[in-house]
Amino acid sequence: MRDLSSDTALLSLNTATVKMQWDLKQIIDGCERHQIGAISPWRDQVAACGLDEAARRIKGAGLRVTGLCRGGMFPAADAKGLQANIDDNRKAIDEAVVLGAECLVLVVGGMPAGSRDIAGARNQVFDGMSAILEHARSNNMPLAIEPLHPMYAADRACVNTMKQALDICDRLGEGTGVAADVYHLWWDPDLEQQIIRAGKNKQLLAYHVCDWLVPTNDMLTDRGMMGEGIVELKKIRGWMEAAGYDGCCEVEIFSENNWWKKDPEIVLQTCIERHQSVV
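This note's numbering puts the last residue of the sequence shown at 1044; the count rises by one with no breaks.
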């Protein structure tokens, strides 16, 4: 395993981690000030800053962009809705290219309102990715499916395991892979084998870290800082690196009642400390 004990270059800050305290300009400045090596912005923050201005500031700060969050959300109630989602994903690819992102992260979407057809939703995910794949390939922008914990299957992501994501990638082929987020995958007894599988096909595109709290008080906004919970972070990173992953560790924390209320300078300092000690 790589020695991260004095590293900040391989630390990426997903901007959701301090989105309640800072805008994107402030986050970029904070990363530069703390010598954090990379950033992963969200599209709404980029839009608020202005795409070209965001790209200029990120480049000026010397930051890698480990991913753009997010594309996906494909399933819709009708063909018109699906086409609108496909069009939005093509736009997201264009934004990711301008930012110099290493991948476009796809949270694929759940079932349309009122639907009970999860298989149909998964079919729409495949159809949606198929429709944008050539545009992504022509722009050299990898599409990274982020499987989400099964508790999100109905409303956020009907792809919930690494195996499901890789099965889609294998059908689609070149230009697709996975963003492995420990918050969503730590529980999966097949995780190590699926990481090995992804590594053989060079499909490990991004790695997101945080921690799972016991108890977890909110499905979406109660993630823990690394080291606060029960995820075997070093073990999973070891699996990732043994499979060939050599990218950044991206901290992505949604924490309404804790980290989103703290001084963002302290949040960044803590991210660095935990990256170097427990990730």
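All C-beta atoms in this analysis are idealised placements derived from N, C-alpha and C, irrespective of residue type, glycine included.
Residue i: first and last residue of the uninterrupted beta strand (DSSP E) it sits in
i    : result
H914 : Segment: none, H914 is in no beta strand (DSSP E) and carries neither H nor E.
C834 : 833-837
L776 : 776-779
Residue i classed as buried or exposed, judged by whether at least 16 other C-beta atoms fall within 10 angstroms
i     : result
S805  : buried
S979  : Per the sequence presented here, residue 979 reads as Val, with Ser not at that position. Looking at its Cβ environment, which holds fewer than 16 other Cβ atoms inside 10 Å, V979 is exposed.
D946  : buried
P912  : buried
L871  : buried
I1031 : exposed
Cut-off 7 angstroms between Cβ atoms - residues of its own chain near residue i, not counting five sequence neighbours on either side
i     : result
T961  : What sits at residue 961 in the sequence shown is Ile, not Thr. A1008, listed in sequence order.
T831  : S777, A803, S805, E867, A971, G1012, C1013, E1015
W977  : Y948, W951, G989, G994, I995, V996
G885  : none
K1000 : none
L931  : V943, Q959, R962, A963, Q968
Spatial neighbours of residue i in its chain, beta-carbon cut-off 6 angstroms, leaving aside the 5 residues before and after
i     : result
D1048 : What is shown of the chain runs 766 to 1044, which leaves residue 1048 out entirely.
A826  : I793, E797
C1036 : V1016
H914  : H949
E957  : W1004
Nonlocal neighbours in the same chain, by C-beta distance under 8 angstroms from residue i, ignoring five residues either side
i    : result
I851 : F839, G893, A896, I897
G879 : A842
P907 : E867, C868, L869, A901, G940, T941, G942, L970
D955 : T926, M927, K928
Endpoints, the alpha helix (DSSP H) within which residue i is located
i     : result
Y948  : 947-950
C1036 : 1029-1042
I960  : 956-965
I792  : 789-798
A803  : It is not in any alpha helix (DSSP H) - A803 instead sits in the beta strand (DSSP E) that spans 803-805.
C923  : C923 -> no alpha helix (DSSP H), and no H or E assigned at all.
D772  : Neither: D772 is in no alpha helix (DSSP H) and is coded neither H nor E.
Q810  : 808-814
Near the ligand HEM: residue i beta-carbon under 7 angstroms from a heavy atom
i    : result
L913 : In the structure shown, the ligand HEM is absent, as is every other ligand, since no ligand is present at all.
Is the number of C-beta pairs between the segment 956-972 and the segment 1017-1032 that are closer than 8 angstroms three or more?
-> The segment 956-972 is not in contact with the segment 1017-1032.
So, do the segment 774-786 and the segment 804-820 have three or more beta carbon pairs nearer to each other than 8 angstroms?
-> Yes: the two stretches touch, three or more of their Cβ pairs being nearer than 8 angstroms.
Would you be able to state if there are at least three C-beta pairs under 8 angstroms between the segment 853-865 and the segment 812-825?
-> Remark: three or more beta-carbon pairs, one from each stretch, lie closer than 8 angstroms, so the segment 812-825 and the segment 853-865 are flagged as touching.
Three or more beta-carbon pairs under 8 angstroms between the segment 919-938 and the segment 997-1006, yes or no?
-> The segment 919-938, when compared against the segment 997-1006, does not touch it at the 8 angstroms Cβ threshold.
Write down every uninterrupted run of the beta strand (DSSP E) in the segment 837-920 whose length is 3 residues or greater and which is fully enclosed by it, in chain order.
-> Runs of the beta strand (DSSP E) lying entirely within the segment 837-920, each at least 3 residues long, are 869-872, 908-910 in chain order.
Please list the segments of the alpha helix (DSSP H) lying wholly inside the segment 970-1028, counting only runs of 4 or more residues, in order along the chain.
-> Whole alpha helix (DSSP H) segments, 4+ residues: 998-1007.
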